[in-house]
Amino acid sequence: MNIKQYIIFFVVSILLSYIYKKILKDENTRTSDYYYNMVNQYLLTNNSDFPHLGSNNKPYLWIHLHNDNAIIPNINQRSWLSFYSRNSKDLNIPYQYLTIKSIVNKCGNDFNICLIDDESFKKILPGWSINLEDTANPIKTHLRVLAISNLLNIYGGLLVPSSFICFKSLKPLYDENIGYNKMFVGEFCNRTSGLSSDLVASPELMGCSPNNNEMSKFIKYLEILNSKDFVAEMDFLGKSNKWLQDKCLNNEINLINGSLLGTKNSNEKLIFVDELINSSFIDLDDNAFGLYIPWNELINRTKLEWFSRLSPEQVLKSDTVIGKYLLINS
Numbered sequence: 279m280n281i282k283q284y285i286i287f288f289v290v291s292i293l294l295s296y297i298y299k300k301i302l303k304d305e306n307t308r309t310s311d312y313y314y315n316m317v318n319q320y321l322l323t324n325n326s327d328f329p330h331l332g333s334n335n336k337p338y339l340w341i342h343l344h345n346d347n348a349i350i351p352n353i354n355q356r357s358w359l360s361f362y363s364r365n366s367k368d369l370n371i372p373y374q375y376l377t378i379k380s381i382v383n384k385c386g387n388d389f390n391i392c393l394i395d396d397e398s399f400k401k402i403l404p405g406w407s408i409n410l411e412d413t414a415n416p417i418k419t420h421l422r423v424l425a426i427s428n429l430l431n432i433y434g435g436l437l438v439p440s441s442f443i444c445f446k447s448l449k450p451l452y453d454e455n456i457g458y459n460k461m462f463v464g465e466f467c468n469r470t471s472g473l474s475s476d477l478v479a480s481p482e483l484m485g486c487s488p489n490n491n492e493m494s495k496f497i498k499y500l501e502i503l504n505s506k507d508f509v510a511e512m513d514f515l516g517k518s519n520k521w522l523q524d525k526c527l528n529n530e531i532n533l534i535n536g537s538l539l540g541t542k543n544s545n546e547k548l549i550f551v552d553e554l555i556n557s558s559f560i561d562l563d564d565n566a567f568g569l570y571i572p573w574n575e576l577i578n579r580t581k582l583e584w585f586s587r588l589s590p591e592q593v594l595k596s597d598t599v600i601g602k603y604l605l606i607n608s
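Structure below.
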C-alpha cells in the first residue's frame, strides 16, 4: 500500500468514525428526548390543570423530582440532554427516567400519577409562599419534607421515590395500609447517628388519606424542627426519623417492611448500593413491590458516580443489578 492509499484509508477511517459517532449521538438524543417528554407529561409544574387536583376518584401517586442534596447542587449536575441544558434544573440523572417509567407503567391504571418538583409546591399548596428554588441546602431539604407532608395531608395519596424500580402496581400495598386509616411510612437505610439500627422509618415513602391526624402531628413536629437551627441535614433527618420510628413502635403509624420495598433482602439484611452496581444476584423477597436505588449515594461516592452518567440505553445494557431489573420492568 503506497502513501496515497494510506492517506485515503486514514481519511475514510476518520470520516466513518465521525459518521458513526454522529449517528450514535442522534440516537442517544432521540432516546433522551423520549424520556424527557414522558416526564414532562406528568410534571405538574408544566401542567395548568392545578385547580382540578382532588376531583378524581383515583388516589394520587406523587413522585418528587430533585437532583440535589446537601452536597450536590441541582444545577450543573452530572448529565445533560444537550450542551444548552447545562444550566438546566431538569432531571439530570438519566437512569431515573427508567425508574419513573417503571412506576408509570405499573401504577398508571390505578393511580393519578403526579410528578412534582420544588416549583410545584407554591402552585398546589394553599398558603405556601416559600421559594425552595432560592433556598440553600440543608434548609431546602428540611422544608421539602415539610412541603411534601402538607401535600399528602391535603390531597392524600402515596409518595414514591423517583429512584424506585417498580415491579408491580402499588395499589394493593396502598389499599392495605390506607384501610387502617393510619399514616404509613417505608423502612429505609439509616443515614443518621441518632438511631442504632440499619433500617429506620423514613418519609422517603409515605402515604395517608386527606386530613390524617398523625400526618398533622408530623407536620407540626417538622415545623418545630424547622424553627430551630439545624445546620446539618443528618441532625434534622435523625430527629424526624426517630419521631416516625417511635410512632411506628407505638402502633400509631404503619411501617412498610423494607423487604417489600427492596431496601433489604429476603434475609432481612440491608441492601447496600455497591450490590446494586454489581452483577451478582440479590435474593429479594418474593412479595417485593420493587427495588429502591439510593440515588444520593450513587452521586456522592466517586467510584460509583459513573453510573449516574450513563444514558438510559447504556443503563439497560449494563451488567448490573439495576440494569437487569430496569430492563425487565421499564
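Each position in the sequence shown, counted from 1, maps to that position plus 278 in the numbering used here. Ideal Cβ positions, reconstructed from N, Cα and C, are used throughout, including at glycine.
Buried or exposed: where does residue i fall if 16 or more other Cβ atoms within 10 Å of its Cβ makes it buried?
i: Phe287; result: Here the model assigns Phe287 a pLDDT of 46, short of 50, so the residue's position is not dependable and the matter cannot be decided.
i: Ala414; result: exposed
i: Glu411; result: exposed
i: Gly485; result: buried
i: Asn519; result: buried
i: Ile394; result: buried
i: Leu527; result: exposed
i: Asp564; result: exposed
i: Asn607; result: buried
i: Lys506; result: exposed
i: Tyr338; result: buried
i: Tyr570; result: buried
i: Asn428; result: buried
i: Asn365; result: Caution is warranted here: a pLDDT of 40 is assigned to Asn365, below 50, making its placement in the model unreliable, and no coordinate value can be reported.
i: Ser544; result: exposed
i: Asp524; result: exposed
How is residue i classed by DSSP in three states: helix, strand or coil?
i: Pro481; result: strand
i: Asn431; result: helix
i: Leu403; result: coil
i: Val382; result: helix
i: Glu465; result: strand
i: His344; result: coil
i: Asn390; result: strand
i: Lys602; result: helix
i: Ile408; result: coil
i: Tyr458; result: coil
i: Phe585; result: helix
i: Leu437; result: strand
i: Leu448; result: coil
i: Ile443; result: strand
i: Leu339; result: strand
For residue i and residue j, what's the separation of their Cα atoms in angstroms?
i: Asn468; j: Ile497; result: 21 Å
i: Thr309; j: Ser380; result: Reliability of the predicted coordinates at Thr309 is poor, the pLDDT of 49 falling under 50, and the value obtained from them is presented with this limitation in mind. Looking at the two C-alpha atoms, the distance is approximately 16 Å.
i: Gly540; j: Leu451; result: 14 Å
i: Val599; j: Leu605; result: 10 Å
i: Thr580; j: Pro572; result: 14 Å
i: Glu591; j: Lys602; result: 12 Å
i: Glu454; j: Ser557; result: 34 Å
i: Thr377; j: Gly386; result: 14 Å
i: Ile391; j: Ser475; result: 33 Å
i: Leu500; j: Phe585; result: 34 Å
i: Glu482; j: Lys449; result: 18 Å
i: Ser447; j: Ser537; result: 16 Å
i: Lys595; j: Ile341; result: 25 Å
i: Asp597; j: Phe559; result: 11 Å
i: Ala479; j: Leu437; result: 14 Å
i: Glu546; j: Pro372; result: 30 Å
i: Phe442; j: Lys400; result: 26 Å
i: Ser407; j: Gly568; result: 35 Å
i: Asn269; j: His344; result: Absent from the model: residue 269. The displayed extent of the chain is 279 to 608, so no value can be given.
i: Val583; j: Lys336; result: At residue 583 the sequence reads Glu, which differs from the Val that was named. Straight-line Cα distance between these residues: approximately 37 Å.
i: Lys517; j: Ile502; result: 11 Å
i: Ile549; j: Tyr375; result: 22 Å
i: Phe445; j: Asn383; result: 10 Å
i: Leu576; j: Leu477; result: 18 Å
i: Asp561; j: Gly405; result: 46 Å
i: Leu473; j: Leu522; result: 12 Å
i: Lys542; j: Thr470; result: 17 Å
i: Ala425; j: Tyr458; result: 24 Å
i: Ile402; j: Asp396; result: 11 Å
Inset, instruction - For the region 553 to 561 and the region 408 to 420, state whether three or more C-beta atom pairs, one from each stretch, are separated by less than 8 Å. - result: no
Legend entry - Inter-stretch contact (C-beta, 8 Å, three-pair minimum) for the region 432 to 439 and the region 476 to 496: yes
Legend entry - 4-residue-minimum alpha helix (DSSP H) runs that sit fully inside the region 493 to 580, ordered along the chain: 511 to 527, 536 to 539, 551 to 555 and 573 to 578
Legend entry - Contact between the region 531 to 538 and the region 453 to 469 (3+ Cβ pairs under 8 Å): yes
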